[in-house]
Structure formats: C-alpha cells, structure tokens
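A.B. asks: In this note's numbering, each number is its position in the sequence shown, counted from 1, plus 1. In this text, a Cβ means the ideal position worked out from N, Cα and C, and glycines have one as well.
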Amino acid sequence: MVQYLTLAAADAHRCATGVDLVPEFLEYARANFQKPEFLRADLAHLPFDDQHFSGVLAWYSVIHAPPAELGPLLNELARVLKPGGTLLLGFFASDQLEAFAHQVALAWCWPPADLTLLLEQAGLKVLQAGTRTRAEARTHGHLLAQKRA
2 MVQYLTLAAA
12 DAHRCATGVD
22 LVPEFLEYAR
32 ANFQKPEFLR
42 ADLAHLPFDD
52 QHFSGVLAWY
62 SVIHAPPAEL
72 GPLLNELARV
82 LKPGGTLLLG
92 FFASDQLEAF
102 AHQVALAWCW
112 PPADLTLLLE
122 QAGLKVLQAG
132 TRTRAEARTH
142 GHLLAQKRA
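1) Note down, in chain order, each residue of its chain lying with its Cβ closer than 6 Å to the Cβ of HIS143, except the 5 sequence neighbours on either side.
2) Around the C-beta of LEU128, are 16 or more other C-beta atoms found within 10 angstroms, so that it is buried, or is it exposed?
3) What is the DSSP secondary structure of GLU137, reduced to helix, strand or coil?
4) Report the residue from THR87, PHE93, GLN104 whose alpha carbon sits nearest the alpha carbon of ALA146.
5) Does PRO1 pass the burial test, meaning 16 or more other C-beta atoms within 10 Å, or should it be called exposed?
6) Going straight from the alpha carbon of ALA94 to that of PRO112, what length do you get?
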C-alpha cells in the first residue's frame, strides 16, 4: 500500500518519500516504481530533520500503535512537519477506544475526539474530521490537521 499512496502524493512538482517497516512492501515498491524514494523506517523515530516535510500522509499507518505509544508517535510526525504543514491521518473510528484482532497484529479503534486531543497536544490544529461507514465493516475515520506556526 505504501507504494501507491506515495506515488499518488508525488508528481512532477512534488517529491515524496514512502516509509514502511515491512521489507516485503518496500521490495515490491522499489521493484515496481523508480520514483519516489522508499525507506525502511519506524514512524516513532523518523530519519528526517525537523520541519522536513510540507505534508505527511499517515493513512492507517498508526492503527497498530498501542494507546500509550500513540502520543509520542504523533509528536514525531509533527516534528518532521514544517509550520503550516498538514497531516492527513486515516484510522478506524469508534465511540470508545477498543482493540481488535487485525490481519497482522492487534489494532485499535479510536474516538475521533481522543485523536483530536492527541494531535492538539502534538502542536497540530485539526481542520477537518470525518467518518464513513459501510455495512459489515468497521467505521473509518480521517483527521486533517495543520502544524501551528
């Protein structure tokens, strides 16, 4: 998935870098796409300078982070954003924090208000929040946030 989202974010005028921990995902991306760049990295310890990016797309990238680790992880995503830069976060949404068995590892559903608070604590302002539902599927959510200047 990292390869398609990174490719969608890049164009002739924008650079993009895909980050993933799964070697097989990165091997596939590198074998099938010459650009953009794909790196193996942990979202909790990104190998980029402060204020490196104007935007970060974390589309279901943090669903496996235990609640105690999510605040520091969001702080790290905010660290690499330029002032005024945006973060688009995709997640599983629910009325209460709850864990569930996911295909790979335990994942978490979050109340959007709880994630909004964590983003605000990381120095971001939520500009847009939304959820979408589909029969026989978990509720999906997104938050679009901007780093304060």
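C.D. replies: Looking at the atomic coordinates:
1) GLY91, GLY131
2) exposed
3) coil
4) THR87
5) Outside the shown range of the chain (2 to 150) lies residue 1, about which nothing can therefore be said.
6) 6 Å
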